[in-house]
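This report concerns only the one structure given below.
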Amino acid sequence: MISARLTVNDEEREVAFRPSDTLLFVLREKLGLTGAKPGCLNGDCGACTVNVNGTAMKSCLMLGVEGVNQTILTIEGLKDSPIQHAFIEHFAFQCGYCTPGFIMNINSLLKKHPNADDSTIKEFLSSNICRCTGYQEIEKAVKSLLKINREDKAGLQNDE
Amino acid sequence: MGLIGKSVFRKEAWEKVTGTARYTADYPATDSLHARIVVSPYAHAVIKSIHTEKAKEVFGVRAVVTGEHFPLTGEEIRDRPVLAKDKVRHHGEAVVLVVADTPHQAKRAAELIEVEYEQLPVVHSPTEALNPNAPLVHEQLGSYKKEERVYPEPGTNVANRTKIRKGSMERGWNLSEVVVEERFSFSPSDHAAMETRCSTAEIHPDGNVYIMTSSQAPFMVKRLIHEYFGVDIGKIIVETPLVGGAYGGKASIQLELLAFIASMAVGGRKVRILNIREQDMLTSPCHIGLDATVKLGSTRDGKIQVAELLFLFDGGAYSDKGADLNRAAAVDCTGPYDIDHVWCDSLCVYTNHPYAAPFRGFSHSELLFAVERTMDVLADKLGMDRLQLRYINAIRPGDTTPTQVKLNKSNVGNLPACIDRLKKMIDWDRGMIQDLGNDKLRVKGVSCIWKTSTIESDAGSGVTLSFNPDGSINLISGVIEIGTGTKTILAQILAERLKMDIRMIHVQMKVNTQSTPEHWKTVASRGTFMAGRAVLSAAEDLISQLKSIASCVLRVQAADLEVGYGKVFLRDEPETHVDVKDVAYGYVYPNGNGIGGQIIGRGHYNLRRLTYLDKETGAGKPGPEWSVGAQAVEIEYDKKHLTYRIVRAFSAIDIGTVLNEKAARGQVMGAMSMGLAFGGRETFVFDKWGRVLNPQLRTYRPLRFGEHPGYHVEFVVTPQLDAAYGARGAGEHGLLGMPAALGNALSLAAGVKLNELPLIPEKIWKMKQEEGHSHASL
Numbered sequence: 002m003i004s005a006r007l008t009v010n011d012e013e014r015e016v017a018f019r020p021s022d023t024l025l026f027v028l029r030e031k032l033g034l035t036g037a038k039p040g041c042l043n044g045d046c047g048a049c050t051v052n053v054n055g056t057a058m059k060s061c062l063m064l065g066v067e068g069v070n071q072t073i074l075t076i077e078g079l080k081d082s083p084i085q086h087a088f089i090e091h092f093a094f095q096c097g098y099c100t101p102g103f104i105m106n107i108n109s110l111l112k113k114h115p116n117a118d119d120s121t122i123k124e125f126l127s128s129n130i131c132r133c134t135g136y137q138e139i140e141k142a143v144k145s146l147l148k149i150n151r152e153d154k155a156g157l158q159n160d161e
Numbered sequence: 170m171g172l173i174g175k176s177v178f179r180k181e182a183w184e185k186v187t188g189t190a191r192y193t194a195d196y197p198a199t200d201s202l203h204a205r206i207v208v209s210p211y212a213h214a215v216i217k218s219i220h221t222e223k224a225k226e227v228f229g230v231r232a233v234v235t236g237e238h239f240p241l242t243g244e245e246i247r248d249r250p251v252l253a254k255d256k257v258r259h260h261g262e263a264v265v266l267v268v269a270d271t272p273h274q275a276k277r278a279a280e281l282i283e284v285e286y287e288q289l290p291v292v293h294s295p296t297e298a299l300n301p302n303a304p305l306v307h308e309q310l311g312s313y314k315k316e317e318r319v320y321p322e323p324g325t326n327v328a329n330r331t332k333i334r335k336g337s338m339e340r341g342w343n344l345s346e347v348v349v350e351e352r353f354s355f356s357p358s359d360h361a362a363m364e365t366r367c368s369t370a371e372i373h374p375d376g377n378v379y380i381m382t383s384s385q386a387p388f389m390v391k392r393l394i395h396e397y398f399g400v401d402i403g404k405i406i407v408e409t410p411l412v413g414g415a416y417g418g419k420a421s422i423q424l425e426l427l428a429f430i431a432s433m434a435v436g437g438r439k440v441r442i443l444n445i446r447e448q449d450m451l452t453s454p455c456h457i458g459l460d461a462t463v464k465l466g467s468t469r470d471g472k473i474q475v476a477e478l479l480f481l482f483d484g485g486a487y488s489d490k491g492a493d494l495n496r497a498a499a500v501d502c503t504g505p506y507d508i509d510h511v512w513c514d515s516l517c518v519y520t521n522h523p524y525a526a527p528f529r530g531f532s533h534s535e536l537l538f539a540v541e542r543t544m545d546v547l548a549d550k551l552g553m554d555r556l557q558l559r560y561i562n563a564i565r566p567g568d569t570t571p572t573q574v575k576l577n578k579s580n581v582g583n584l585p586a587c588i589d590r591l592k593k594m595i596d597w598d599r600g601m602i603q604d605l606g607n608d609k610l611r612v613k614g615v616s617c618i619w620k621t622s623t624i625e626s627d628a629g630s631g632v633t634l635s636f637n638p639d640g641s642i643n644l645i646s647g648v649i650e651i652g653t654g655t656k657t658i659l660a661q662i663l664a665e666r667l668k669m670d671i672r673m674i675h676v677q678m679k680v681n682t683q684s685t686p687e688h689w690k691t692v693a694s695r696g697t698f699m700a701g702r703a704v705l706s707a708a709e710d711l712i713s714q715l716k717s718i719a720s721c722v723l724r725v726q727a728a729d730l731e732v733g734y735g736k737v738f739l740r741d742e743p744e745t746h747v748d749v750k751d752v753a754y755g756y757v758y759p760n761g762n763g764i765g766g767q768i769i770g771r772g773h774y775n776l777r778r779l780t781y782l783d784k785e786t787g788a789g790k791p792g793p794e795w796s797v798g799a800q801a802v803e804i805e806y807d808k809k810h811l812t813y814r815i816v817r818a819f820s821a822i823d824i825g826t827v828l829n830e831k832a833a834r835g836q837v838m839g840a841m842s843m844g845l846a847f848g849g850r851e852t853f854v855f856d857k858w859g860r861v862l863n864p865q866l867r868t869y870r871p872l873r874f875g876e877h878p879g880y881h882v883e884f885v886v887t888p889q890l891d892a893a894y895g896a897r898g899a900g901e902h903g904l905l906g907m908p909a910a911l912g913n914a915l916s917l918a919a920g921v922k923l924n925e926l927p928l929i930p931e932k933i934w935k936m937k938q939e940e941g942h943s944h945a946s947l
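Chains as they are written, first to last, in our numbering: chain A, 2 to 161; chain B, 170 to 947.
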């Protein structure tokens, strides 16, 4: 067991875990942040996606210790984001299990590429699997958030 | 209130976009032990010995469980040990359970379990399984306990056979001037829900059994643990929170049994099993495979006279729901066509493959792939337009189904109207093939669909409604929220009936079998139908109670009162009223006298006038209604590389009244996506020893973002008169025609008959090799 401080959702948390525990395991089992989901534990499905220093990362492919001195944002830290509104308005989820991963991926996408083109959107979102929708709803939700399509032009929530 | 058809947001929407939505594995497990399953590396082998000593020495291990002492299980035939004993029958079969304090201790110990096997010859396909010299998967088939209406054939690998005998085959063939016959085959695949299955179990000192599970059928978990293990049924309490995708795969009862025996092994302590992805695909039940032969006879003008169908479903190692899937396929074996003379044998066959669970559509996308591909072959042989052939033969009110149910304007949708609508949507009259140059073709393929349900003939659903002091209502139904949005639809139905604000309806998402009224199983596109009727029945109960109290308060007869807009009012004098909130919890007179109390409404609905199927002819009424539709796929095909891209996918579908437009579209599009993935790329890849080579989401590849086509969905509305506001089943139907439409488009594009799934370029190449380019490319 090691003890370390992790900065998650603007809070510094002290947590004890095994050096071989994944960040996903630490978030879920040690910090009670169960928004990031286990789907494959293999980096294939993206359900565990969080933002680390603003970059979308699969938390099953990172060790907890690798999260030390990083700024970690999980779905629980995202408050009233336009992405959440867009997902609801466009019916971009059904069972909801992949949703936190998709939203965190999109959060990173839009911050890096506020006017992402189709191939950039595909490059980001093809790393997550949704088994319920046909992706068309998710595509519409994402495109409604591109700066060129937004009336309010408001920024997305920053985790830094 | 005009709520019917409105795209109301789902009640649990904010839970799901904020990470607060809880699925089974999200509940804290600090008080829980963790189990890990040791699985068989072989498809068919004798278990010679199991060595558990090293595993038991691992720190934190509390129990190691093997399979000698447990009863056989299985829904139709009791053929499945909870943990394998004597021999293993499929790759990935559960052999040993290790229970430890933490998941990683359990994993470490599981890796130290040593099992000695002696390999046996493997049964690789249902066709091979019927060979008289094939090894037997179940030598003891004749001695198993079974349900009454399942017909295993001891001494063979046949787990169940359903027969359809309608009309006279001799007469049918005599009337036929053109005959076609085609064979089809595909292997088992998987549901690949994003949430892997998870179950916890604990047994308290008073004997109460508590289970939490990601299931479509918590009430069936309760019933089966009672039946298998003899626990009093009232002492079994099953909870199911939100479920992260199911698609039929979570309608089978499997992981719950492992959690239960694991808890038994540690004195009733709470034990959790969370499937790893590989075991979710191999150890828990999968999507059924099929070998099929379809023979159709028609007159020269395209009226189909006769159909002879042989379905050999690959039930895998255990029959469980497989022996129900083959029955459902027999029921709708002809596809949505009016055919007078029908012979069908639909079998569930044992093989050494992972065993089958229901899969969205319950064997219909599978049988329709075979039938609808054959329809195209017939159209070509007749020289007839493919949709015209389907239009001429389309099932209509007045026709009879293969099980001889007479259809009427309520119990079947309008297929001819769906075909007409599809023609417009896909510009059918402009032709099926467009040459884009550069070796590229744009090609359209079509398919028609139908489906009824074949669930228990008296399956039912219950709903309770309880008032809050502000006049808002708690809606409690046994339907599981697996993603279909049914519980939001129920709130819409209730709000519409009581003419109230839907925000005043609070829906309980979690199901607890002790406090939630039973809904048989959340399957078969029957949630909205059965629970919708139950909601309406419960609403009537509320209304009569509201009127009864209000009649005292207002000093009028209850019969003169109406309920709506938050009030109970006189029909002829609406200003004489009392607010619902003032009587919902009883009424207090100015002098302090109280009458009534919290109003609780209850309602239920059971399927009615359904019958069992006759053993020899299949005659009988298995389901209440048939949803129908016509679908198409448009592909861009590369003649040089034999690759393709799905450009657009279309559905013209009759789901009766549309209750929530966007939710219904979402169901249809999502099902289409799953159907395209099943048809186009998903399969278990087996090696020569029957082992699955691709039980991971990087080698077993669902569709990903950016690989999706444009979806085009239109609704034809033929209300089902006995359903709440006329809505038909809609959860599965979008999937049903996709594999066939894709197969039809690609067969046309490639100029070869593509009768196997999945439709990967390699398969096109192989078929082209086999046919020696005899069909010159187009």
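The beta carbon of each residue, even a glycine, is placed where N, CA and C say it ideally should be.
- Contacts around phenylalanine 88 of chain A, its chain only, beta-carbon distance under 7 Å, and the 5 residues preceding and following it disregarded: Cβ neighbours of phenylalanine 88 of chain A beyond the five flanking positions: Phe94, Thr100, Ile104, Ala142.
- Task: With distances taken Cα to Cα, identify the nearest neighbour of asparagine 302 of chain B among B:Gly324, B:Glu316, B:Gly835.
- Result: With distances taken between CA atoms, asparagine 302 of chain B lies nearest to B:Gly324 out of B:Gly324, B:Glu316, B:Gly835.
- Message: Which of the three DSSP states is assigned to tyrosine 806 of chain B in this structure?
- Response: Of the three classes helix, strand and coil, the one that applies to tyrosine 806 of chain B here is strand, per DSSP.
- Message: Below 8 Å on C-beta distance, what does valine 267 of chain B contact in chain A?
- Response: Within chain A, not a single residue places a beta-carbon under 8 Å from that of valine 267 of chain B; the smallest gap is close to 18 Å.
- Express the C-alpha separation of cysteine 41 of chain A and tyrosine 869 of chain B in angstroms, rounding to a whole number. Approximately 12 Å between the Cα atoms of the pair.
- Query: Which residues of chain A have a Cβ atom closer than 9 Å to the Cβ of aspartate 195 of chain B, listed in chain order?
  - Reply: What aspartate 195 of chain B touches in chain A, judged by beta-carbon distance under 9 Å, is Arg29, Thr35, Gly36, Lys38, going in chain order.
- Item | Contacts of glycine 101 of chain A in chain B (Cβ-Cβ under 7 Å) | The displayed chain sequence assigns proline, not glycine, to residue 101 of chain A. Those within 7 Å of proline 101 of chain A in chain B are Gly188.
- Query: Is the CB of leucine 42 of chain A under 8 Å away from at least one CB in chain B?
  - Reply: Cβ-Cβ to chain B under 8 Å: yes for leucine 42 of chain A.
- Message: Looking at chain A, is there any beta carbon in it that lies within less than 8 Å of the beta carbon of alanine 833 of chain B?
- Response: Judged by the 8 Å Cβ criterion, alanine 833 of chain B is not in contact with chain A.
- Cβ separation of asparagine 116 of chain A and lysine 148 of chain A, assumed to be a contact under 8 Å, to the nearest whole Å: Right, their Cβ atoms sit about 5 Å apart.
- Message: Taking CB distances under 8 Å as the criterion, tell me whether lysine 185 of chain B reaches chain A.
- Response: Taking Cβ atoms only, chain A reaches closer than 8 Å to lysine 185 of chain B, which makes this a yes.
- Item | Cβ of lysine 113 of chain A within 8 Å of any chain B Cβ | Not closer than 8 Å to any Cβ of chain B, the Cβ of lysine 113 of chain A fails to qualify, so no.
- Residue range of the alpha helix (DSSP H) that asparagine 329 of chain B falls in? Per DSSP, asparagine 329 of chain B belongs to no alpha helix (DSSP H); it is in the beta strand (DSSP E), 327-335.
- Grouping DSSP H, G and I as helix and E and B as strand, with all else coil, what is isoleucine 430 of chain B? Isoleucine 430 of chain B: helix per DSSP, three-state reduction.
- Message: Please state the DSSP three-state secondary structure of asparagine 913 of chain B.
- Response: Asparagine 913 of chain B falls in the helix class under three-state DSSP.
- Task: Excluding the 5 residues preceding and the 5 following glutamate 316 of chain B in the sequence, name in chain order all residues of the same chain whose CB lies nearer than 8 Å to its CB.
- Result: The residues are Glu244, Glu245, Ile246.
- Task: Compare the C-beta of isoleucine 695 of chain B against all C-beta atoms of chain A and say whether one is closer than 8 Å.
- Result: Rather than isoleucine, the amino acid found at residue 695 of chain B in this sequence is arginine. No - not a single Cβ of chain A is within 8 Å of the one on arginine 695 of chain B.
- Task: Taking the CB atoms as reference points, tell me whether methionine 673 of chain B and isoleucine 642 of chain B lie closer together than 8 Å.
- Result: Contact flag set, yes.
- With 8 Å as the threshold, decide whether the Cβ of histidine 373 of chain B is near any Cβ in chain A. No, histidine 373 of chain B does not count as interfacial toward chain A.
- Message: Could you give the first and the last residue of the continuous alpha helix (DSSP H) run that contains glycine 652 of chain B?
- Response: Premise fails: glycine 652 of chain B is in no alpha helix (DSSP H) and is neither H nor E.
- Query: Going by C-alpha distance, which of B:Tyr734, B:His810, B:Gln836, B:Leu811 is nearest serine 820 of chain B?
  - Reply: Closest in C-alpha terms to serine 820 of chain B, from the list B:Tyr734, B:His810, B:Gln836, B:Leu811, comes B:Gln836.
- Item | Backbone CA spacing between aspartate 598 of chain B and aspartate 604 of chain B [nearest angstrom] | Straight-line Cα distance between these residues: approximately 16 Å.
- Message: Please report whether the beta-carbon of serine 127 of chain A lies at a distance below 8 Å from any beta-carbon of chain B.
- Response: Judged by the 8 Å Cβ criterion, serine 127 of chain A is in contact with chain B.
- Item | Interface positions of the stretch 647-679 of chain B facing chain A (Cβ-Cβ less than 9 Å), listed along the chain | So the list reads Glu650, Ile651, Gly652, Thr653, Gly654, given in the order they occur along the chain.
- Query: Taking DSSP as the reference, what is the three-state secondary structure of histidine 395 of chain B?
  - Reply: Correct three-state label for histidine 395 of chain B: helix.
- Count the C-beta pairs between the stretch 500-520 of chain B and the stretch 530-546 of chain B that are closer than 8 Å, then say yes if the count reaches three, no if not. Look at the beta carbons and you see the stretch 500-520 of chain B touching the stretch 530-546 of chain B: at least three pairs across the two are nearer than 8 Å.
- Query: For alanine 753 of chain B, which residues of its own chain have a beta-carbon under 6 Å away from its beta-carbon, when the five flanking residues on both sides are left out?
  - Reply: Phe636, Gly640, Ile768.
- Task: Under the assumption that proline 632 of chain B contacts alanine 728 of chain B (Cβ atoms under 8 Å), give the Cβ distance between them as a whole number of angstroms.
- Result: Looking at the sequence provided, one finds valine at residue 632 of chain B rather than proline. Approximately 25 Å separates the beta-carbon atoms of valine 632 of chain B and alanine 728 of chain B; this is outside 8 Å, ruling out the contact.
- Mind checking if glutamine 71 of chain A is an interface residue toward chain B, Cβ cutoff 8 Å exclusive? Output row for glutamine 71 of chain A: interface = no.
- Message: Just to confirm the assignment, what range does the beta strand (DSSP E) spanning arginine 14 of chain A have?
- Response: For arginine 14 of chain A, the enclosing beta strand (DSSP E) starts and ends at 12-18.
- Task: Return helix, strand or coil for glutamate 161 of chain A, following the three-state DSSP convention.
- Result: For glutamate 161 of chain A, the predicted structure reports a pLDDT of 36, less than 50, and the residue's modelled location is therefore unreliable. A value from the coordinates is still provided. Glutamate 161 of chain A falls in the coil class under three-state DSSP.
- Query: If you measure beta-carbon to beta-carbon, which residues of the stretch 339-372 of chain B are closer than 9 Å to chain A?
  - Reply: Result list: His360, Ala361, Ala362, Met363, Glu364, Thr365.
- Query: Run through DSSP, which three-state label would tryptophan 619 of chain B get?
  - Reply: Looking at tryptophan 619 of chain B - three-state DSSP - the assignment turns out to be strand.
- Own chain residues within Cβ distance below 7 Å of arginine 438 of chain B, not counting five before or after: Leu202, Glu371, Ser432, listed in sequence order.
- Could you pull out every residue in the same chain whose Cβ sits closer than 8 Å to the Cβ of lysine 935 of chain B, ignoring the five residues on either side in sequence? For lysine 935 of chain B, same chain residues with a beta-carbon under 8 Å away, outside a window of 5 residues either side, do not exist.
- Where alanine 182 of chain B meets chain A, residues with beta-carbon distance less than 7 Å: Under the 7 Å cutoff, chain A gives Ile89.
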